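Contents: one structure, followed by commentary.
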Amino acid sequence: MSKVHSDIIEHNEKHPHLNIEKNNPDSKFPKVVLVGNPNVGKSLFFNYLSGVYVDVSNFPGTTVSITKGIYKKYSIYDTPGIYGVSSFNDEEKVALDIILDADIILNVVNSLHLERDIFLTQQLIEMGKKVTVILNFFDEVEKRKIKIKPDRLSELLGVEVITTSAIKKSGFDRLDFAIENARIGNQPKELHHILHETLNRVGSQAEALMILEGDTLVAERHGVQCGSPDEREIIYIERRNRVNEIVSEVEYEDSSRGKFLNLLGRLSLNPLSGIPILIIVLTILYFFIGDFVAQRVVNFTENTIGKGYVEYYMKSYIAKFTPSQISVNLLNGGDKVIETKNFIFDKSIDSDLSLYNEFKNYSRLPNAEVDFSFNNLLVRLFFGEFGIISMTVTYLIFLLLPLVIAFYFAMAMLEDSGYLPRLATMLDRVMTKIGLNGRAVIPIMLGFGCVTMATITTRLLGSEREKTIATAILQFVIPCSAQLAVIAVLMSSAGIAALLIYVSVIFIVLILLSTTLNKFLPGESTSLLIDLPMMRFPELDNVFKKTFFRTYGFMKEASLWFFVGALFVGLLDVTGMLLLFQDILAPITTIWLKLPKEAATAFVMGVVRRDFGAAGLFNLSLTSMQITVALITITLFVPCIASFMVMLNERGWKEGISIWLGTWFFAFLIGGIVAQIIL
Amino acid sequence: MKNSTLDKVKKGTYITITNLPTGILKVQLIRIGITEGSKVFCLERLPGGTIILQKNRQEIAIGYNLAKEINFQIV
Ligand SMILES: Nc1nc2c(ncn2[C@@H]2O[C@H](COP(=O)(O)OP(=O)(O)OP(=O)(O)O)[C@@H](O)[C@H]2O)c(=O)[nH]1
Ligand SMILES: [Mg+2]
């Protein structure tokens, strides 16, 4: 999903030398680039200025690629957060090129962390870039009675400084001023001497500085020797000292107040209190999603609205044009059939008016359950029990949509609260056992929302091997929200034992998979180094906006694929191929997995998207243990097409295909082993 | 004062960082604001050795393996 808006950029990332911007009609617009430390609010500014939606969350590393937009007569860019300009990791490499290319830099700063943030500011200034500093989070500064002197900061840095609060959009009227008045700041005197020689050779102060700081990427481009680590250290320490001096001059604090949220943040770090907090969070999630939405809301939308109204009227309408048989069951309070009546319309539903009226009266009784069946093959393909149109509508809109909204909403609340990085820290030591560090908790948690998006977020991990392990975990074992939705519904009928078996098997696979990879992948994993954002109550405005955009993206993609998948299965069905297919797969389905042979249909749909596969299980009558086996197999089965494509892009063909084939193999292997044991 | 590695720091002490690992790690720490000579507060020491430092208003989590490479003194 997130891939859509970053296509040009992905391309640019791979060929930074191509500079495809040159061909764009708007390339004459000056480039305004938002630069800043992670989690300082850059994306909020970008959303506001360009009108283009990008994700905003309360953890470092939300943005991992560059997005471009237009504001007035400027082209404007959102970038991943960085602590300094260099090319140590992917995010920095992406940001480096666009910074070197920038005409104007809007440097967004978290006013609460000046000492950390001004380091980057100072580096940008030393690069000779035109900069304006945006002191963001000023609402928090005022709340905490911290005193900051923006004018003095402006004097010391030699550039304009404006103050804003991006969540309240206050100070945004000064953004035009900020862009128009960006200028080159005060240059430290010694710098000129150091830079002089390199500058003559490469012609740009920014690149000269990069080379002196030992950036091999830039040095190679110019075919010059880069600075040694020692030289870099000298420059860095000088800069750090200068920054500390500046900050001590512009900031002093009146009082600091303890806060409930602060305490909560601290408590969620230590396992002693953190695990109970995690359990509370999960319980709330369970009651909200598993109980409230999956049972009550979905029951209402799927049965009352979907089946009761939409399907009923749609099919009655179709029955006007084609012969149909309709059976109406009257149910008692306990969902038992007390009376059944069959209506047969040989030509059209309204050709025999008295029968039609009888049907109408009967079928609209509040306890009636109506089943349409059509003789015509083509009509059945589109409107039958598993008809493409009727099923796409009921399944996507009335079953999946409410659940997916609930999941995205819950994820957005978590992302905004600042809880995720603390969970990451608490789990850090456990994660090192499987070759990751705590940071990997963030993409893995995001995977429960959307595996595709989470696979892109693995970029924030420190080494290739960590990215591989995390990607494999995501693609093998993490069910995305749509899949969880279907699982939740199926599991609720299978009981607690089934749930426990399911969860433990998936968990064991996770452990086996990651420890094996950890053992055999070469290289070393990095250690945790993360700064914790403040805890705070989620910004509801942002939560709703994010939920909306993600749901929209999901529906756009899922509808198409579901339609394609349903058409495919429908065609197989009508042509008799499905039966043939089921017969071929029968040994695996019936003997190895001990499922009815019709379950093979679920795997056909599952190749398109795992959640569709799981949905294919609805219509089979399975025992609870069969449900468990089927769900385990489908969960471990191939990831959806979109996330497969993203994986190829992120991890390369060889690795991507291996993981994909691996999912085929292990899904059936493990599903089968479980089947042999419990069935 | 005794010089020891950060994985052994006690919760609730004020410390001075005396030595950082070399290379990219050092650069990353300097950027975040931790240099040789910085005074920081140990906010939390999790079982397993992950350390949470506080510098001004900023909280920084450091994994056990990285902590072993950082030296400090108690102030
Ligand atoms: N209180 C307060 N919160 C803010 C302000 N600006 C941004 N935030 C919050 O800070 C968090 C980060 O915002 P983003 O726009 O995602 O930050 P970013 O700089 O794009 O972050 P990365 O993409 O991770 O580098 C969000 O939770 C925002 O709601 C502000 O002025 N005041
Ligand atoms: Mg961002």
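Same order as they appear, the protein sequences are chains A and B.
Per the numbering used here, the first sequence starts with residue 1, numbered consecutively.
Per the numbering used here, the second sequence starts with residue 680, numbered consecutively.
For each residue, glycine too, the CB sits at the ideal point set by N, CA and C.
In this text the structure is predicted, and so the values were computed from the model without any measurement.
Can you determine whether any heavy atom of ligand 2 sits closer than 7 Å to the C-beta of residue i, and answer yes or no?
i, result
"serine 50 of chain A", "no"
"lysine 42 of chain A", "yes"
"aspartate 78 of chain A", "yes"
"threonine 63 of chain A", "yes"
Measuring from the CB of residue i, is there a heavy atom of ligand 1 at a distance below 7 Å?
i, result
"glutamate 142 of chain A", "no"
"threonine 392 of chain A", "no"
"serine 87 of chain A", "no"
"aspartate 90 of chain A", "no"
"threonine 547 of chain A", "no"
"glutamate 738 of chain B", "no"
"asparagine 542 of chain A", "yes"
"isoleucine 166 of chain A", "The residue you asked about is not isoleucine; residue 166 of chain A is alanine in the sequence shown. Yes, since a heavy atom of ligand 1 falls inside the 7 Å radius drawn around the Cβ of alanine 166 of chain A."
"aspartate 573 of chain A", "no"
"glycine 682 of chain A", "The structure shown has nothing for residue 682 of chain A, since chain A only spans 1 to 679."
"proline 150 of chain A", "no"
"valine 56 of chain A", "yes"
"glutamate 190 of chain A", "no"
"phenylalanine 137 of chain A", "yes"
"glycine 81 of chain A", "yes"
"aspartate 117 of chain A", "no"
"valine 108 of chain A", "yes"
Tell me whether residue i sits in a helix, a strand or coil according to DSSP, three-state version.
i, result
"aspartate 350 of chain A", "coil"
"asparagine 47 of chain A", "helix"
"lysine 22 of chain A", "Interpretation of lysine 22 of chain A is limited by its pLDDT of 42, a score under 50 that renders its predicted location unreliable; the figure taken from the coordinates is listed afterwards. Helix at lysine 22 of chain A."
"aspartate 531 of chain A", "strand"
"valine 64 of chain A", "coil"
"aspartate 78 of chain A", "strand"
"alanine 178 of chain A", "helix"
"glutamine 626 of chain A", "helix"
"glycine 185 of chain A", "coil"
"tyrosine 71 of chain A", "strand"
"isoleucine 657 of chain A", "helix"
"leucine 725 of chain B", "coil"
"asparagine 303 of chain A", "helix"
"glutamine 752 of chain B", "strand"
"glycine 672 of chain A", "helix"
"valine 688 of chain B", "coil"
"valine 161 of chain A", "strand"
Excluding the 5 residues preceding and the 5 following residue i in the sequence, name in chain order all residues of the same chain whose CB lies nearer than 7 Å to its CB.
i, result
"proline 30 of chain A", "Tyr74, Asp103, Ile104"
"glycine 447 of chain A", "Ala454, Leu474, Ile478, Cys480"
"proline 25 of chain A", "Low local confidence applies: a pLDDT of 46 at proline 25 of chain A is under 50, so the model's placement there is unreliable, with the coordinate-based value given in what follows. Nothing meets the Cβ criterion."
"threonine 692 of chain B", "Cys721, Ile753"
"valine 141 of chain A", "Ser111, Leu112, Ile148"
"glycine 128 of chain A", "Ile184, Gln205, Ala206"
"glycine 387 of chain A", "Arg380, Leu381"
By Cβ distance below 6 Å, which residues in the same chain neighbour residue i in space, the five residues on each side in sequence not counted?
i, result
"isoleucine 76 of chain A", "Val32, Leu49, Ser50, Gly69"
"threonine 695 of chain B", "Lys718, Gln752, Val754"
"isoleucine 289 of chain A", "Ala406"
"lysine 22 of chain A", "Caution is warranted here: a pLDDT of 42 is assigned to lysine 22 of chain A, below 50, making its placement in the model unreliable, and the coordinate value is therefore given only provisionally. Same-chain partners within the cutoff: there are none."
"methionine 210 of chain A", "Val218"
"aspartate 207 of chain A", "According to the sequence provided, residue 207 of chain A is glutamate. The question's aspartate does not apply to it. Excluding residues within five positions, the ones whose Cβ falls inside 6 Å are Val218."
"valine 52 of chain A", "Gly69"
Have a look at the DSSP bridge pairing and note the partners of residue i.
i, result
"serine 327 of chain A", "A:Asn342, A:Asp371"
"isoleucine 105 of chain A", "A:Val33, A:Val131"
"glutamine 295 of chain A", "Per DSSP, none; premise fails for glutamine 295 of chain A."
"glutamine 737 of chain B", "B:Lys734"
"lysine 718 of chain B", "B:Thr695"
"tyrosine 252 of chain A", "A:Lys147"
Between residue i and residue j, how many whole angstroms is the CB-CB distance? I'm expecting something under 8 Å.
i, j, result
"valine 564 of chain A", "valine 629 of chain A", "About 27 Å; that fails the 8 Å criterion."
"tyrosine 83 of chain A", "asparagine 39 of chain A", "About 11 Å separates the two Cβ atoms, so there is no contact after all."
"leucine 269 of chain A", "leucine 725 of chain B", "7 Å"
"alanine 294 of chain A", "alanine 485 of chain A", "7 Å"
"valine 94 of chain A", "valine 133 of chain A", "About 22 Å; that fails the 8 Å criterion."
"glutamate 748 of chain B", "proline 700 of chain B", "4 Å"
So, at 8 Å on beta carbons, what are the nonlocal neighbours of residue i in its own chain, with the 5 sequence-adjacent residues on each side left out?
i, result
"arginine 232 of chain A", "Leu212, Glu213, Gly214"
"threonine 322 of chain A", "Ser348, Phe374, Asn375, Asn376, Val379"
Indicate, with yes or no, if ligand 3 has a heavy atom lying under 7 Å from the CB of residue i.
i, result
"asparagine 39 of chain A", "The ligand content of the structure shown is limited to ligand 1 and ligand 2, which means ligand 3 is not among them."
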